[in-house]
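Q: Chains A and B supply the protein sequences, listed in that same order.
Position 154 of the first sequence, counted from 1, bears residue number 154 in the working numbering, the numbering being contiguous throughout.
Position 67 of the second sequence, counted from 1, bears residue number 442 in the working numbering, the numbering being contiguous throughout.
Ideal Cβ positions, reconstructed from N, Cα and C, are used throughout, including at glycine.
As the structure is a prediction and not an experimental result, all values here were calculated from the model.
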Amino acid sequence: MRFVDEFRDASTARALAAKISKLCEPGRHYKFMEVCGGHTHTIYKHGLEDYLPDNITLVHGPGCPVCVIPMGRVDDAIHIARQPGVLMTSFGDMMRVPGSDGNFFDSNAAGTNIRMVYSPLDSLKIARQHPDLHVVFMAIGFETTAPSTAMTVLRAAEEGIDNFSVFCNHVTIIPAIKAILDSPDLRLDGFLGPGHVSTVIGCRPYEFIARDHGKPVVVAGFEPLDILQSIYLLMRQLRQGRAEVENQYARVVPWDGNPVALRAINAVMEPRPYFEWRGLGFISHSAMRMRDRYAGLDAERRFDLPGVRVADPKACQCGEVLKGVLKPWECKVFGTACTPETPIGTCMVSPEGACAAYYNFGRFDRRRVREVSRA
Amino acid sequence: MGDRMCLGIPGEIIEIRQDRPDLATVAVSGVKRAINIGLLADDPPLPGDWVLIHVGFALSKIDEDEAAAAMEFLEDIGQSYVDEVAALRESDID
Ligand code: SF4
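Here it is in structure tokens:
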């Protein structure tokens with residue numbers, strides 16, 4: 001357990017912070033985006049921003065798969081669940097995501113049967129056990145979860161199960177990062193790359209960020225010291241005038257990712273021409289749909305979907321939060337009308353969402369008070 | 376249940392199922408469960424190896440130190456972790 005202790009050691013954290021400070025050029029401000037919701041969680045939980053010098057700001061990116069599901073897709077899911085004989089399944093995170101007419105719990109109160117499952121394989125098992133029902137799995141998530149959905153589809157096809165289908169909402173991280181890089185209201189100095197997504201896609205897909213945009217990327221682990229060390233590596237690159245992809249989390253993330261997982265995704269799914277992200281709008285090639293070969297297992301083809309685009313609630317500023325333009329507490333409804341119990345926007349639903357992470361840990365230190373009063 | 380789908384949980388491989396080489400029994404915090412190891416087919420884990428489990432699938436092999444660190448991180452986040460293990464316990468994969 002020595003390893004763990006090292007990771008937790010506050011004096012190591014302070015030593016790292018001092019090294020980071022030394023790399024700061026006077027008068028320069030640095031903005032880094034952590035793409036992954038898991039990182040956001042660690043940062044708030046451990047108050048990591050308090051360790052950093054004032055001229056380094058962390059902005060929270062779009063890497064929370066629940067947070068980016070647009071209202072219209074929740075409505076479509078509820079529409080499917082309302083069809084006779086349908087049992088819908090999804091991850092627990094989805095249950096409280098608001099659609100235009102309530103969430104899955106509200107929908108169940110009105111008669112649908114939407115159940116939480118731990119794994120897509122649990123859904124498939126339910127389908128086997130209930131040949132009289134049609135079981136739909138609402139698939140969400142980045143490349144971390146997509147291989148599991150793909151493997152489940154392959155298995156269903158192999159077994160010839162025909163009362164099972166997938167409502168595919170898988171999104172891909174690279175187009176979202178591209179959209180953020182192209183967004184004029186945000187100037188970033190570098191990225192903390194997502195840890196678990198990278199176990200699947202590896203580190204190469206980030207190379208364009210360094211090559212074409214001249215910004216460093218460091219794929220980071222989830223421990224507080226992982227994140228501080230990754231910030232140190234970003235700062236060192238900037239200081240040395242380099243822009244490269246580095247892998248701080250090499251103990252888990254292979255440089256080339258998981259080829260079996262990539263093959264599975266590719267066998268079952270193909271990129272959609274475009275997909276709407278909550279708050280970010282339409283992003284081309286940013287999501288996956290089922291290939292023709294698996295049309296029979298594709299809920300989008302088995303059911304007629306309304307596919308109506310629903311605008312985000314007016315009060316909701318999740319788009320700004322997801323792009324890192326606003327800090328959670330700068331949203332007007334944060335903590336008042338919008339709380340984890342009564343989320344208006346999706347960033348408040350999942351504990352990985354920036355608003356929920358911030359709300360749950362409620363850290364209000366010197367610097368944030370200053371930022372709040374400045375806002 | 377499963378309130379943090381992004382969470383990966385470390386588990387120790389106890390045995391590989393004879394009849395189904397893509398399934399393994401893992402131990403996570405004293406809970407024994409079947410998980411799918413098909414995504415590690417290029418370099419299958421052996422009993423005693425640690426893997427990172429994500430929604431019922433082993434996503435990568437990790438070393439024991441990493442497992443311990445991840446575990447402590449998870450226990451530290453409290454309820455989400457309890458929920459995740461409870462969800463895994465209820466999960467019924469084959
Ligand atoms: S406080 Fe609520 S509405 Fe505002 S950005 Fe956060 S989740 Fe969205």
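(1) Using a Cβ-based criterion (distance less than 7 Å to any ligand heavy atom), does F334(A) qualify as near the ligand SF4?
(2) Would the C-beta of G307(A) count as close to the ligand FAD, meaning under 7 Å from any of its heavy atoms?
(3) Using a cut-off of 8 Å between C-beta atoms, extract the partners of V403(B) located in chain A.
(4) Please list, in chain order, all residues of the same chain as S107(A) whose beta carbon is under 7 Å from its beta carbon, the five residues on each side excluded.
(5) Against D438(B), what residues of chain A qualify as contacts under a CB-to-CB distance less than 8 Å, listed in chain order?
(6) For G72(A), does the count of other Cβ atoms within 10 angstroms reach 16, so buried, or fall short, so exposed?
(7) N392(A) CB to nearest chain B CB: under 8 Å?
(8) At a CB-CB cut-off below 9 Å, which residues of chain A make contact with L421(B)?
(9) From what residue to what residue does the beta strand (DSSP E) around T40(A) run?
(10) Going by DSSP, which residues form a beta bridge with G63(A)?
(11) Hey, how far is the Cα of F432(B) from the Cα of T149(A)?
(12) What does a CB cutoff of less than 7 Å around Y294(A) pick up in its chain, not counting 5 residues either side in sequence?
(13) Report all residues from its chain with a CB closer than 7 Å to the CB of V218(A); omit the five preceding and five following residues, and keep chain order.
(14) From the beta carbon of D182(A), is the nearest beta carbon of chain B less than 8 Å away?
(15) So with Cβ pairs under 8 Å, would you call H60(A) a contact of chain B?
(16) Start and end of the beta strand (DSSP E) containing C168(A)?
(17) Under the criterion of a Cβ to heavy atom distance below 7 Å, does M389(A) qualify as lining the ligand SF4?
(18) For the putative contact between A220(A) and I209(A), defined by C-beta atoms under 8 Å, what is the C-beta separation to the nearest angstrom?
(19) Roughly how many whole angstroms lie between the Cα atoms of D212(A) and N258(A)?
(20) Please check the pair Y359(A) and T339(A), which I expect to be a contact at CB under 8 Å, by giving their CB distance rounded to whole angstroms.
(21) What residues in the segment 302 to 323 of chain A have a beta carbon less than 8 Å from any beta carbon of chain B?
(22) From the beta carbon of P340(A), is the nearest beta carbon of chain B less than 8 Å away?
(23) DSSP has D298(A) in a bridge; who is on the other side?
(24) Between P98(A) and P351(A), what straight-line distance do the alpha-carbon atoms span, to the nearest angstrom?
(25) Quick one: is the Cβ of P62(A) within less than 7 Å of any heavy atom of the ligand SF4?
(26) Among residues of its own chain, excluding the 5 on either side of I468(B), which ones have a beta-carbon nearer than 6 Å to its beta-carbon?
(27) From I161(A) to Q83(A), what does the alpha carbon distance come to, in whole angstroms?
(28) DSSP three-state label for S107(A), please.
(29) For E246(A), list the residues DSSP reports as bridge partners.
(30) Using only the heavy atoms of the ligand SF4, determine whether one of them is closer than 7 Å to the beta carbon of G281(A).
A: For this structure:
(1) Between the ligand SF4 and the CB of F334(A), the shortest heavy atom gap is smaller than 7 Å.
(2) The ligand FAD is not part of the structure shown, which contains the ligand SF4 as its ligands.
(3) Chain-ordered listing is empty here: chain A has no CB closer than 8 Å to the CB of V403(B), the nearest sitting near 12 Å.
(4) Take S107(A), set aside five residues on each side of it, and the residues of its chain with a beta-carbon closer than 7 Å to its own are I78, A81 and I114, in chain order.
(5) Under the 8 Å cutoff, chain A gives R251.
(6) So G72(A) counts as buried.
(7) Any question about residue 392(A) goes unanswered here, given that chain A covers just 1 to 375.
(8) None at all; the shortest Cβ gap to chain A is about 17 Å.
(9) No beta strand (DSSP E) contains T40(A), which is instead part of the alpha helix (DSSP H) from G37 to K45.
(10) For G63(A), which the question treats as bridged, DSSP gives the partners C36(A).
(11) The straight-line gap separating the alpha-carbon atoms of F432(B) and T149(A) is approximately 10 Å.
(12) Leaving aside the five residues that flank Y294(A) on each side, the residues in its chain whose CB is nearer than 7 Å to its CB run, in chain order, V153, A157 and V268.
(13) Answer for V218(A): L192, G193, S230, L233, L234, E246 and Q248, listed in chain order.
(14) Answer no: the Cβ-Cβ gap between D182(A) and chain B never drops below 8 Å.
(15) Interface annotation, H60(A): not in contact with chain B, CB-CB separation never under 8 Å.
(16) Looking at the DSSP string, the run of the beta strand (DSSP E) that includes C168(A) is F164 to H170.
(17) Outside the modelled stretch of chain A, which goes from 1 to 375, sits residue 389(A), for which no answer is possible.
(18) The C-beta distance from A220(A) to I209(A) rounds to 14 Å, too long to fall under 8 Å, and the pair is not in contact.
(19) Approximately 25 Å between the Cα atoms of the pair.
(20) Rounded, the Cβ-Cβ distance is 7 Å, consistent with contact.
(21) Under the 8 Å Cβ criterion, the segment 302 to 323 of chain A contributes no residue.
(22) No, because no Cβ of chain B sits closer than 8 Å to the Cβ of P340(A).
(23) In the DSSP output, where bridge partners are listed per residue, D298(A) has V166(A).
(24) When rounded, the separation of the alpha-carbon atoms in P98(A) and P351(A) is 15 Å.
(25) P62(A) Cβ: outside cutoff for every heavy atom of the ligand SF4.
(26) Taken in chain order, the residues that qualify are A409 and G431.
(27) The C-alpha of Q83(A) is placed about 19 Å away from the C-alpha of I161(A).
(28) If DSSP states are grouped into helix, strand and coil, S107(A) belongs with the helices.
(29) In the DSSP assignment, E246(A) forms a beta bridge with V218(A).
(30) For G281(A), the distance from the CB to the nearest heavy atom of the ligand SF4 is not below 7 Å.
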